[in-house]
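Each remark here refers to the structure printed beneath this line.
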Amino acid sequence: MRLDKFLSDVTGRSRRESREIIRSGRLRVNGIIVKLPSYSVSTEDDISLDGRKLIWRKFTYIKMFKPAGYVSSKREKNLPTIYDLLDHPLKWKLSIAGRLDRDVEGLVILTNDGDLIHKIISPKHRIMKVYDVWMEDELPAESLKMMKRGFKLKDGYTILPVEILELEEKKVRIGLFEGKYHLIKRIFHSLNVRISKIRRIAIGNLKLDEWMKPGDWLEMDELEELIR
0 MRLDKFLSDV
10 TGRSRRESRE
20 IIRSGRLRVN
30 GIIVKLPSYS
40 VSTEDDISLD
50 GRKLIWRKFT
60 YIKMFKPAGY
70 VSSKREKNLP
80 TIYDLLDHPL
90 KWKLSIAGRL
100 DRDVEGLVIL
110 TNDGDLIHKI
120 ISPKHRIMKV
130 YDVWMEDELP
140 AESLKMMKRG
150 FKLKDGYTIL
160 PVEILELEEK
170 KVRIGLFEGK
180 YHLIKRIFHS
190 LNVRISKIRR
200 IAIGNLKLDE
210 WMKPGDWLEM
220 DELEELIR
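Take 0 as the starting number for the sequence shown in numbering that gives the first Met the number 0 and just add one per residue.
And the structure:
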């Protein structure tokens with residue numbers, strides 16, 4: 000791998016900016032200052048920028064507690080996005096694996112691992128997304144039965160069976176294996192049950208950490224736990 004590509008991949012800088020940094024003598028490879036952008040390096044080399052060791056990873060994985068009010072996109076005119084919360088050098092190279100509506104809070108994953116994104120969003124891989132839903136009305140027993148077996152919504156779409164994981168008087172924890180547009184809102188609208196808040200708490204085995212509050216994010220080394 001060329002040294003300028005290594006620097007660009009690790010720091011998110013453009014190849015042009017990376018070449019300028021290398022020519023300025025700010026990089027060391029195995030203790031030696033290297034000013035040649037085309038210099039060949041491997042991921043096993045000890046490479047540092049301004050004395051800070053650079054670690055190359057094939058993929059980047061970040062989990063975030065998305066706050067309500069933020070859009071799940073890179074840019075949205077006149078609206079805050081989750082990328083505004085992310086202070087990471089590679090943030091513009093990361094995509095969202097499983098978007099949330101603007102008024103929904105909870106777990107989102109940002110990554111440049113295209114295979115993982117596909118696994119998360121494709122129903123055939125059966126990765127469960129778990130949501131807490133706060134209701135203004137109690138959920139009737141018949142509505143629970145309809146959710147468990149799957150039913151046709153008012154808009155004509157037939158949902159897959161919903162897992163009922165926990166039930167309180169005005170709060171329910173559900174598991175979904177699909178992620179259609181506004182699906183939770185459409186389900187409860189079809190059941191004539193008003194909802195006040197939605198929070199996604201898990202994607203597969205990956206959960207929000209207890210210490211996390213809206214706006215917090217964490218970079219992870221790998222996501223094997225997610226796809227088991």
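Here a beta-carbon is modelled for each residue, glycine too, at the ideal position from N, C-alpha and C.
Bear in mind that the values here come from a model prediction, so they are computed numbers and not experimental data.
Please work out which residues of its chain come closer than 6 Å, Cβ to Cβ, to E162, disregarding the five sequence neighbours upstream and downstream, and give them in chain order.
-> G174
Once you ignore the five residues that flank D112 on each side, which residues in its own chain have a CB closer than 6 Å to its CB?
-> F58
Residue from L109, R15 and M219 whose Cα sits closest to the Cα of S37 = Nearest of L109, R15 and M219 to S37, Cα basis: R15.
For R27, which residues does DSSP report across the bridge?
-> I32 and S47
So, are the CB atoms of R149 and P139 less than 8 Å apart?
-> Checking the displayed sequence, the identity of residue 149 turns out to be Gly instead of Arg. Result no, Cβ atoms of G149 and P139 do not sit closer than 8 Å.
Roughly how many angstroms separate the alpha carbons of N29 and S47, rounded to a whole number?
-> 8 Å
Cα-Cα separation between G203 and I32, rounded to whole angstroms = 45 Å
State whether the region 96-108 contacts the region 181-198, with contact taken as three or more CB pairs (one from each stretch) at a distance under 8 Å.
-> yes
When we look at the beta-carbon of T110 and count the other beta-carbons within 10 Å, is it buried (16 or more) or exposed?
-> buried
Nearest to H117 (by Cα), restricted to the options I95, S41, V129 and E104 = I95
Chain-order list of residues whose beta-carbon lies under 8 Å from that of R227 (same chain, five-residue window excluded) | Residue confidence for R227 is low, a pLDDT of 46 falling below 50, so the modelled location carries little weight and cannot support an answer.
Under the three-state DSSP convention, the category T110 falls into = strand
Within the same chain, show all residues whose beta-carbon is closer than 8 Å to that of D44, passing over the 5 residues directly before and after it, in chain order.
-> V28 and N29
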